[in-house]
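Enquirer: Just so you know, the protein sequences line up as chains A and B, in that order. Counting in the working numbering, the first sequence tops out at residue 481, every number present. Counting in the working numbering, the second sequence tops out at residue 1095, every number present. Before I ask anything, let me first share the structure, which is written out below as structure tokens.
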Amino acid sequence: MNYAFILFGIVFIPIAGSLLLPVAGRISSRLRNLLALFFVLCSFAFSLTLIPLILSGGTLTFSKELALGFNFVLVADGLAVFMACVSSFISAIIVLYSFDYISHYENQNEYYFMMVLFLGSMMGLVLSGNLIFLYFFWEMTALASWRLIGFFREKTHVLKADKAFLVTIFGALAMLIGFITIYSQTGSFDLAIIKESLKTIPVTNLAVLLILAGIFSKSATLPFHTWLPDAGVAPSPVTAMLHAAILVKIGTYVFARLFLATFTLDALWHTVIPIIAAASALVAAGAALIEKDLKRIIAYSTISQIGFIFFGLAVGNQAAIAGGLLYILMHGLAKAGLFLCAGIIEQNTGIRDITKMGGLFRTMPVTAVAFLGCAFSVMGIPPFGGFFSKYLVFSGAISNGRIAISLVFLVGAFMTILYLLRLFNLVFMGEPQTSQAKEKSRMMVACVMLLAILSLAGGILVNYPVRFIQTAIQGMVGMVN
Amino acid sequence: MDNVLLLFLIVPLIAGILALLIPKKVRGPVEVIVLSATGLNLLLAAVFFKSNLAYFCPWVPAIGLDFSLRFYHFSAFIILATAAFGFLIALYSTVSLSDKTYAKHFFAYFLITIGLVNGAVLSDNLLLLLFFWEGMLVTLFLMIAVGNKSAFKTAAKALIIVGITDLCLMVGIVLTGHLAGTRTISGINLPLDALGGLAFVFLMIGAISKAGSMPFHSWIPDAALDAPLPFMAFLPGALEKLVGIYLLSRISLDLFQLHPGSWVSTMLMIVGAVTIILAVMMALVQKDYKRLLSYHAISQVGYMVLGIGTAIPIGIIGGLFHMINNAMYKSCLFLTGGAVEKQAGTTDLEKLGGLGLKMPITFACFIVAAVSISGVPPFNGFFSKELIYDSALERNLIFYLVAVIGSFFTAASFLKLGHAAFLGKLRDEHRNVKEAPPLMLVPMIIIALGCIVFGIYNKLPIHALIQPILSPERLEGHQFAGWPANTALVVITIIVLAGAFLNHRFGVKKKGSGLKAVDHIHYAPVLHIIYDKAEKRFFDPYNIGLKIINIISEIAWRCDRAIDWVYDTLVVKVTYACTNQIRKAHTGNYATYLVWSLVGFLLIAVFLLQSGKM
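Now the structure itself:
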């Protein structure tokens, strides 16, 4: 098969396909659902076919010359393929879960349209080799997430969706100005050209600051984070998508793409970014211990864990970057599992206040076990996959001499154990407080169990992702140094 | 041949998973699996005991994780001991848990724990050690959680305490690997400089927390009440001491160059001494059989940490000998507690009494184990304690005094426990209590006999098991087996024990009951206030830690809300204020608009002219 076709397929099958879904929905809802899953799986399958090429050390580029440096470039290197695989795979599970979840609600056509478009934009963003197109896809994800967060159309929900949209757009505009500063420095938006011309001169700190504002607002990092817990009003599969597969991972991806693979940062940032990440990890972990809303707690947990990812990426040696990237995978699997569990609980009990829950272990045993498995992975307990990512981040940081800041993150890791156990305790243990709802949908329960099992398998078979990540890092950092 | 090491992992792990998969209603096969797997494990350990084996297979080479196992005299010793306890306790549990619905789950986690312990002990790679070590968290949590209704809370407490210390261990391992430049344990020997000391402290936190030392102990007394009894006999009683002290000795003897007189050594001794005295004081006033024992499970760790912390050969030998002795008498004591619970239906000492005649064999085992833990000659605990006294005295008199006072209270509390449970008046409801079933008695008897053998023939364990752990250069030709070298110390010990006996007589006479034999200490002035607060968990480091974390969280939450206020309120208000001002300017007056346009036009013209000049 033609490689250019594969690249196009990963991005444009879901984007173009999403437009068909509302039409398909008029014919049959079943057809629409299966088509949606098919488009997402296409992205995943096409991404998978690129793995052998990457492992053999190759990269794949497609470029079309356009005026003013607006070249349309798609690049599939290790980092891009890694992200594409992770995102599309987790999205596929979430879409599968949606079949039952969303069948209770109105506007399903819009839901599937937006979900698949969301993934397509993510794929476009990941494969873009040009800052302008990266920005373009970035804003497309913002649009899709805006509709999805306000999906239930209640007034407060729409306001929260607006908040998410405005905060991320504000960041994105700052980032765009940053991109333009880089353009004025290098005369191009093409990452390959930028990389060549910035080899000798360092990138200006102003540009880095502006781009960081964009990254932090999208990845919900202090002080741009509060839209993420508020976005919990969305349907649970959407929150899972935002937290695990797509939205907040965009920031970490762009961080790796620009600050690790393209520019060399000023030494200052290697100190500043870990401090921001640490503050973010601690503040969010603390908030997760106080908060009473099921989905908001898990959302704070994401903010906290994203801090660990940025920490790993910002430390910037081989082990820490590997830890950061592995974190994206492991956290994605586990966090998707936690949100989908929350979806089962929320849909069947109708409440989200954890102080009003209790004793659900008896009626929802499978969900409880899956929840616990995913929680163990987020806590970083072996043999679950989260152990390795946490270990690698610490290992990289400490061998880089960042002992003091590592100890701050250690406190963050303590608190992770605390808030997740508190959550499990209040939801599943203790005396039942409400009517004992059962797990109705087998498909939904199977999805969360699958994610828990994958979190476990990710730990035992950690060799495979690590090998791929190593290749990706060689492609990124090897060329900069 | 070396591949046989994998069996130590495969056998228990596969058996555990099999046990999980067997449907709930079928009982027989689970017991068969447990007994055959633990039996096979014991057989393997015994057959290969004398061999030196190593297994190596890369797992994730990119991050320095190799599947590297090393079976040599020290790890073989620990493996053999855990296998023996595992088998005996499995035998006991098949009866003691026969009426429990959770038995299947308990046995499955029990087997997986054995597999993970074998893995942790055999690991010759720091990261692999961490993998197995932290993996035990999951089974620890699950084994407690299957217990009674309030067990989950205790399980969560255990997971939080041990989880946090395991994270510390992780940092220690990362730091050690970084300093040493290798992750192969047998290739590391670091000086205790500033960073080395930090690494040591983090590793030590992980090790002593597993062993149950203060301040990481407080889940153990809670688990005594909530968790299934065999859990107590197996994990806090035997296994966790073995692996915790194993790691502590590995880091003190091999990984770091621990010298007597270094701050690290003093710190270890302080931790040990504090643990001895505080835990035994708590044990003294307990009114529940199992809870009383659990405080001794903590207190005895203090002796081991103190002994190893002295960093002199006699202390290290004493600490390690005490480790194996403690595992024996402590698990035996817990098993007698389980027998009492099963036969009499309670472990509340207020409701027990006079069971000695009804359960003579259990009582006899209890006596043997109790005199061993109290350090009465010629039982095993006496010999290991004498070695530790000797080393403590050599370092500092204070440590010796604490250790001896600890022994006084240990003896006092066991006199109280034995008196309250087995002597005194038999209660009416216990008229028909019978001796425990044979399968429960056999493990108790075997372990009790072990206490006697390890005491009288202490040459056997010391020569075969303990002394090889220290290199011949460190031993300097000393012999630590046989009768204690320092006769003066033995005399003091005997005086102290006699004092404990007299104290008991005094207490019983005053209050007229075995259970209240130590009330004159419990309700002594000042002391009873402290006791009251301690019983309310005022001093529980876990509660204190949670309070601190709560304060941090509260601050974090305020920060978070403050930031959110900026978005939700401040930005909105400022925007409205600005737009209102601008709106006011839109008066609809044609002349005003015209002026604005002209001013704007002029500004542009000026700007263009300026930049044209530049």
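Each residue gets a CB set at the ideal place from its N, CA and C atoms; glycine is no exception. This structure is a prediction, so every number in the text was calculated from the model and none was measured.
1) Kindly indicate which three-state DSSP category residue 769/B falls into: helix, strand or coil?
2) Any idea if residue 108/A is buried or exposed, counting beta-carbon neighbours within 10 angstroms, 16 or more meaning buried?
3) Over the uninterrupted alpha helix (DSSP H) stretch that includes residue 991/B, give me the two end residues.
4) Can you list, in chain order, the residues of its chain with a C-beta nearer than 7 Å to that of residue 626/B? Leave out the 5 residues immediately preceding and following it.
5) Verify the CB distance criterion: does residue 616/B have a CB-CB separation below 8 Å to chain A?
6) What are the residues in the stretch 458 to 470 of chain A lying within 9 Å of chain B by C-beta distance?
7) Between 704/B, 1077/B, 558/B, which has its C-alpha nearest residue 602/B's C-alpha?
8) Ignore the nearest five residues each way along the sequence and tell me which others in residue 677/B's own chain have a CB closer than 7 Å to its CB.
9) With 8 Å as the threshold, decide whether the Cβ of residue 123/A is near any Cβ in chain B.
10) Nearest to residue 257/A by alpha carbon, out of 460/A, 452/A, 194/A?
11) Let me check understanding here. Comparing Cα to Cα, which of 754/B, 552/B, 775/B lies closest to residue 1143/B?
12) With distances taken from CA atoms, which of 871/B, 509/B, 638/B, 573/B is nearest residue 974/B?
13) Does the beta carbon of residue 481/A come closer than 8 Å to any beta carbon on chain B?
14) Rounded to a whole number of angstroms, what is the C-alpha to C-alpha distance between residue 896/B and residue 840/B?
15) What residues of chain B sit near residue 394/A, judged by a beta carbon separation below 8 Å?
16) Identify the contact partners of residue 1048/B in chain A, using a Cβ-Cβ distance below 8 Å as the criterion.
17) With DSSP run on the structure shown, which of helix, strand or coil describes residue 540/B?
18) At a CB distance below 8 Å, what residues from the stretch 352 to 376 of chain A approach chain B? Give them in sequence order.
19) Taking just the CA atoms, how far does residue 390/A sit from residue 484/A?
20) Using a Cβ-Cβ cut-off of 8 Å, state whether residue 38/A counts as contacting chain B.
21) If you drop the 5 nearest sequence neighbours on each side, which residues of the same chain put their C-beta closer than 6 Å to that of residue 75/A?
22) Specify the secondary structure class of residue 137/A as computed by DSSP and reduced to three states.
23) Could one say the Cβ of residue 454/A lies closer than 8 Å to chain B's Cβ atoms, at least one of them?
24) Determine the burial state of residue 230/A: buried for a count of at least 16 other Cβ atoms within 10 Å of its Cβ, exposed for fewer.
25) On the three-state DSSP scale, how would you describe residue 775/B?
26) Measure the beta-carbon distance from residue 259/A to residue 268/A and round it to whole angstroms, keeping in mind my assumption that it falls under 8 Å.
27) Please state the DSSP three-state secondary structure of residue 535/B.
28) Is there at least one Cβ from chain B nearer than 8 Å to residue 536/A's Cβ?
29) Rounded to whole angstroms, what is the Cα-Cα separation between residue 761/B and residue 894/B?
30) With 8 Å as the threshold, decide whether the Cβ of residue 579/B is near any Cβ in chain A.
31) Sorted by chain position, which residues of the same chain lie with C-beta nearer than 6 Å to residue 564/B's C-beta, five sequence neighbours on each side aside?
32) Would you mind sorting residue 481/A into buried or exposed? The rule is 16 or more other CB atoms within 10 Å of its CB.
33) Rounding to the nearest angstrom, what Cα-Cα distance links residue 952/B and residue 85/A in this structure?
34) Extract the residue ranges of the alpha helix (DSSP H) inside the stretch 809 to 855 of chain B, only unbroken runs of 4 or more that lie entirely within it.
35) For residue 293/A, which of helix, strand or coil comes out of DSSP?
36) With residue 63/A as the anchor, note down where its alpha helix (DSSP H) starts and where it stops.
Expert: According to the data block:
1) Here residue 769/B refers to the residue found at position 288 of the second sequence. Reduced to three states, the DSSP call for residue 769/B is strand.
2) As a position in the first sequence, residue 108/A is number 108, starting the count at 1. By the neighbour-count rule (16 or more Cβ atoms within 10 Å), residue 108/A is buried.
3) For the purposes of this step, residue 991/B is taken as the residue at position 510 of the second sequence. Counting along the chain, the alpha helix (DSSP H) containing residue 991/B begins and ends at 968 to 992.
4) Residue 626/B sits at position 145 when you count from the first residue of the second sequence. For residue 626/B, where only same-chain residues beyond five positions count, the Cβ hits under 7 Å are 632, 633, 636.
5) Translated into the one-based positions of the second sequence, residue 616/B becomes position 135. Yes - at least one Cβ of chain A is within 8 Å of the one on residue 616/B.
6) 459, 462, 463, 466, 467, 469, 470
7) As a working mapping, residue 602/B is identified with position 121 in the second sequence. Selected option, being the one with the closest Cα: 558/B.
8) Translated into positions along the second sequence, residue 677/B becomes position 196. Same-chain partners within the cutoff: 660, 671, 737.
9) Looking up residue 123/A in the first sequence gives position 123. For residue 123/A, the answer is no, since every Cβ of chain B falls outside 8 Å of its Cβ.
10) In the first sequence, residue 257/A corresponds to position 257, counting from 1. Taking only the C-alpha atoms, the option nearest residue 257/A is 194/A.
11) Chain B is shown only over 482 to 1095; residue 1143/B falls outside these bounds and no answer can be derived.
12) Taking the first residue of the second sequence as 1, we reach residue 974/B at position 493. Comparing Cα positions, the closest option is 871/B.
13) Within the first sequence, the letter at position 481 stands for residue 481/A. Low local confidence applies: a pLDDT of 38 at residue 481/A is under 50, so the model's placement there is unreliable, with the coordinate-based value given in what follows. Chain B contact via Cβ: absent.
14) Position 415 of the second sequence, counting from 1, holds the residue named residue 896/B. Position 359 of the second sequence, counting from 1, holds the residue named residue 840/B. Going from the Cα of residue 896/B to the Cα of residue 840/B covers about 18 Å.
15) In the first sequence, counting from the first residue as 1, residue 394/A sits at position 394. Going along chain B in sequence order, the residues near residue 394/A (Cβ under 8 Å) are 651, 652, 655.
16) On the second sequence, position 567 is the one that residue 1048/B refers to. Within 8 Å Cβ-Cβ: 163, 167, 226, 227.
17) If you number the second sequence from 1, residue 540/B lands on position 59. It is a strand residue.
18) 376
19) As displayed, chain A neither begins before 1 nor continues past 481, which places residue 484/A out of reach and without an answer.
20) Start at 1 with the first residue of the first sequence, and residue 38/A comes out as number 38. So no, residue 38/A is outside the interface.
21) The residue you call residue 75/A lines up with position 75 of the first sequence. Taken in chain order, the residues that qualify are 61, 129.
22) Your numbering for residue 137/A matches position 137 in the first sequence. Helix at residue 137/A.
23) Within the first sequence, residue 454/A is the residue found at index 454, counting from 1. Judged by the 8 Å Cβ criterion, residue 454/A is not in contact with chain B.
24) What you label residue 230/A is simply residue 230 of the first sequence in a count that begins at 1. With 16 or more other Cβ atoms within 10 Å, it is buried.
25) The sequence position of residue 775/B within the second sequence is 294, counting from 1. Three-state DSSP puts residue 775/B in a helix.
26) Walking along the first sequence from the start, residue 259/A turns up at place 259. Walking along the first sequence from the start, residue 268/A turns up at place 268. Between residue 268/A and residue 259/A the Cβ distance is about 13 Å, and since that is not below 8 Å, they are no contact.
27) Counting from 1 along the second sequence, the entry for residue 535/B is found at position 54. Looking at residue 535/B - three-state DSSP - the assignment turns out to be strand.
28) Because residue 536/A is not part of the residues shown, which for chain A are 1 to 481, the question remains open.
29) Within the second sequence, the letter at position 280 stands for residue 761/B. Within the second sequence, the letter at position 413 stands for residue 894/B. Rounded to whole angstroms, residue 761/B to residue 894/B spans 8 Å at the Cα level.
30) For this step, residue 579/B is matched to residue 98 along the second sequence. Answer no: the Cβ-Cβ gap between residue 579/B and chain A never drops below 8 Å.
31) As a first step, residue 564/B must be located in the second sequence, where it is residue number 83. If we look at residue 564/B and ignore the five residues flanking it on each side, its Cβ neighbours are 522, 523, 526.
32) The residue labelled residue 481/A in the question sits at position 481 within the first sequence. Its pLDDT being 38, under 50, residue 481/A is placed unreliably in this model, and the coordinates cannot settle the point.
33) Within the second sequence, numbered from 1, the residue matching residue 952/B stands at position 471. Within the first sequence, numbered from 1, the residue matching residue 85/A stands at position 85. Each residue's Cα considered, the two are about 53 Å apart.
34) 836 to 839, 841 to 855
35) Residue 293/A sits at position 293 when you count from the first residue of the first sequence. The answer is strand: DSSP assigns residue 293/A an E or B state.
36) Taking the first sequence and counting its residues from 1, one reaches residue 63/A at position 63. Note, residue 63/A: premise wrong, no alpha helix (DSSP H); beta strand (DSSP E) at 60 to 64.
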